[in-house]
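A short write-up of the structure that comes next.
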Amino acid sequence: RLAEAGRGMRTHTLPRWMGGLWVGLVLVAPASVVSAGVSDETYAQVQTAFLHERFDRVVALVGPLVVDPAIEDRVTRLWLWYALSLERLQRANDALREVERLKNALSTSHFVGAVNVWPEILFWEGEISRKAFQMVRARLAYQRLLIHSPGSSWRPQAQLGLGLVLFHQQAY
Numbered sequence: 005r006l007a008e009a010g011r012g013m014r015t016h017t018l019p020r021w022m023g024g025l026w027v028g029l030v031l032v033a034p035a036s037v038v039s040a041g042v043s044d045e046t047y048a049q050v051q052t053a054f055l056h057e058r059f060d061r062v063v064a065l066v067g068p069l070v071v072d073p074a075i076e077d078r079v080t081r082l083w084l085w086y087a088l089s090l091e092r093l094q095r096a097n098d099a100l101r102e103v104e105r106l107k108n109a110l111s112t113s114h115f116v117g118a119v120n121v122w123p124e125i126l127f128w129e130g131e132i133s134r135k136a137f138q139m140v141r142a143r144l145a146y147q148r149l150l151i152h153s154p155g156s157s158w159r160p161q162a163q164l165g166l167g168l169v170l171f172h173q174q175a176y
């Protein structure tokens, strides 16, 4: 359940395959991505909140950290969790804005690890866009991932997402 019953929040369930993606997304990020600017304690709090699907807590913890558009490795994972949490809180436009800010920050930074994170960012941009019925943006994100990262572990999910977009657009 995405929110505990009795807290006054709506409850949702994730499809089985999506739950695996969420867990995979969180477990991929080692604690070593956190630099001196974000404490290990803060990183652990955000990771725990994300794993427990307390997306309101993730937004509260990470929001202040992503105010500065300058990106470092310490912020990339947290920023992505922040965007995904906004989407799960039914704030898709805010989530897409944050994904765009993250992409802009990565493209203008000298962050070496950014190459490995692009397929994941493009996948989640496609997913959030598709769920928000922004099919053109979703299609472009999935296609960019498939073209520019053919060996990525995100490829099968992007193919599925692209198929869903094409089905929705009746472009098959």
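Each residue of the sequence shown is one higher than the one before, counting from 5 in our numbering.
Positions of the beta carbon are idealized from the N, C-alpha and C atoms, including for glycine.
Residues of its chain near Val4, where Cβ-Cβ distance is below 7 Å and the 5 sequence neighbours each way are ignored: Limits of the chain in this structure are 5 at one end and 176 at the other, which puts residue 4 out of reach.
C-alpha gap between Gln147 and Val121, whole angstroms: Rounded to whole angstroms, Gln147 to Val121 spans 16 Å at the Cα level.
Collapsed DSSP secondary structure at Ala136 in the structure displayed: Three-state DSSP puts Ala136 in coil, outside helix and strand.
Assigned secondary structure, Val70 (DSSP; H/G/I helix, E/B strand, else coil): helix
Chain-order list of residues whose beta-carbon lies under 6 Å from that of Leu166 (same chain, five-residue window excluded): Only Tyr146 meet the Cβ criterion.
Ala162: CB within 7 Å of a non-hydrogen atom of the ligand ADP: Looking at this structure, you won't find the ligand ADP or any other ligand, since it has none at all.
As assigned by DSSP and simplified to three states, the class of Trp128: helix
Rounded distance between the beta-carbons of Trp85 and Phe54, thought under 8 Å: At roughly 5 Å, the Cβ-Cβ gap stays under 8 Å, so Phe54 and Trp85 are in contact.
CB contact check: Leu126 to chain C, cutoff 8 Å: Here there is only one protein chain, and chain C is not present.
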